[in-house]
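Residue numbers (our numbering): 131 to 346.
Glycine included, every Cβ here is placed at the ideal spot set by N, Cα and C.
Scroll down for the structure; my scribbles are underneath it.
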């Protein structure tokens with residue numbers, strides 16, 4: 131992954147493929163043909179996953195692992211679920227495999243992770259979720275970001291900043307995690323919170339913006 135100072139900037143090489151720019155956190159154009167094809171593939175996968183509510187656990191696990199390539203044992207994603215890419219960004223052009231192999235898939239889940247109903251992950255860059263972490267319903271994870279300049283946005287440019295969620299984290303229903311945030315192990319995010327900054331391990335935060343709750 132690029133150094134943080136490169137997030138949201140154009141790469142030094144103007145010929146760098148858009149998908150490489152995206153995965154590096156640099157400015158990329160979402161109208162790129164390769165990116166559009168990947169989004170369409172993910173949309174087809176999501177349609178199958180979100181139609182699996184009545185399927186057996188084993189059947190749903192098989193569907194999940196088609197796209198979430200990095201996932202430990204004991205995980206579950208309860209439909210409906212939404213994401214941009216999920217994982218394998220090399221099923222169109224194998225030429226990108228060395229890059230993907232280096233950077234990994236976009237959503238990385240440890241073991242015993244539960245994503246409850248209606249979770250949305252905008253995973254233009256890596257979103258990492260540690261072992262034993264639980265999401266309430268309607269949790270939103272936004273790794274996607276946009277230029278602050280209006281004209282640049284209108285031209286279709288955007289970028290992402292990775293999100294890292296530690297082990298044994300509990301994220302309450304309706305919480306929103308914004309780009310670039312790291313949440314430490316054993317933290318608790320109150321329902322409906324908007325997390326704009328890093329959360330220290332073992333800390334409980336709540337509110338908009340989320341702030342630590344001080345025990346009296």
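**Message:** To the nearest angstrom, how far is the alpha carbon of residue 273 from that of residue 213?
**Reply:** Start at 1 with the first residue of the chain shown, and residue 273 comes out as number 143. Start at 1 with the first residue of the chain shown, and residue 213 comes out as number 83. Rounded to the nearest angstrom, the two C-alpha atoms are 11 Å apart.
**Prompt:** Among all the DSSP beta bridges, which residues are the ones paired with residue 159?
**Reply:** By one-based count along the chain shown, residue 159 stands at place 29. Answer by DSSP bridge pairing, in chain order: 287.
**Item:** Where the beta strand (DSSP E) through residue 252 begins and ends
**Value:** The residue labelled residue 252 in the question sits at position 122 within the chain shown. Counting along the chain, the beta strand (DSSP E) containing residue 252 begins and ends at 249-252.
**Asked** Since residue 192 is in the alpha helix (DSSP H), which residue starts that stretch and which ends it?
**Response** Counting from one through the chain shown, the residue named residue 192 turns up at place 62. Its alpha helix (DSSP H) spans residues 187-197.
**Request:** Give the secondary structure of residue 200 by DSSP, where H, G and I count as helix, E and B as strand, and everything else as coil.
**Result:** Here residue 200 refers to the residue found at position 70 of the chain shown. Note: residue 200 maps to strand in three-state DSSP.
**Coil, strand or helix - residue 308 by DSSP** = Stepping through the chain shown from its first residue, residue 308 is reached at position 178. DSSP places residue 308 in coil when its eight states are reduced to three.
**Prompt:** In the structure shown, what three-state DSSP assignment does residue 344 receive?
**Reply:** Your numbering for residue 344 matches position 214 in the chain shown. Of the three classes helix, strand and coil, the one that applies to residue 344 here is coil, per DSSP.
**Item:** Cβ pair count under 8 Å reaching 3, the region 252-267 against the region 298-318
**Value:** yes
**Asked** The beta strand (DSSP E) with residue 213 in it runs from where to where?
**Response** One-based indexing of the chain shown puts residue 213 at position 83. Segment 211-213, the beta strand (DSSP E) holding residue 213.
**Message:** I believe residue 216 touches residue 190 by the beta-carbon criterion, under 8 Å. Please report the beta-carbon distance rounded to the nearest angstrom.
**Reply:** For the purposes of this step, residue 216 is identified with residue 86 of the chain shown, where counting begins at 1. For the purposes of this step, residue 190 is identified with residue 60 of the chain shown, where counting begins at 1. About 14 Å separates the two Cβ atoms, so there is no contact after all.
**Message:** Please return the same chain residues whose Cβ sits closer than 6 Å to the Cβ of residue 255, not counting the five positions on each side in sequence.
**Reply:** As a working mapping, residue 255 is identified with position 125 in the chain shown. So the list reads 155, 273, 290 and 292, once near-sequence residues are dropped.
**Asked** Got a sec? Which residues, its chain only, sit under 6 Å from residue 306 by beta carbon, not counting five neighbours each side?
**Response** The residue given as residue 306 occupies position 176 in the chain shown. 270 and 324, listed in sequence order.
**Prompt:** How about residue 302 and residue 313: do their beta carbons lie closer than 8 Å?
**Reply:** Along the chain shown, one-based indexing puts residue 302 at 172. Along the chain shown, one-based indexing puts residue 313 at 183. In this structure, residue 313 does not lie closer than 8 Å to residue 302 by Cβ.
**Asked** If you draw a straight line from the C-alpha of residue 266 to the C-alpha of residue 211, how long is it?
**Response** The residue you call residue 266 lines up with position 136 of the chain shown. The residue you call residue 211 lines up with position 81 of the chain shown. Cα to Cα, residue 266 sits roughly 12 Å from residue 211.
**Asked** For residue 165, is the classification buried or exposed, using 16 other Cβ atoms within 10 angstroms of its Cβ as the cut-off for buried?
**Response** As a working mapping, residue 165 is identified with position 35 in the chain shown. Under this definition residue 165 is a buried residue.
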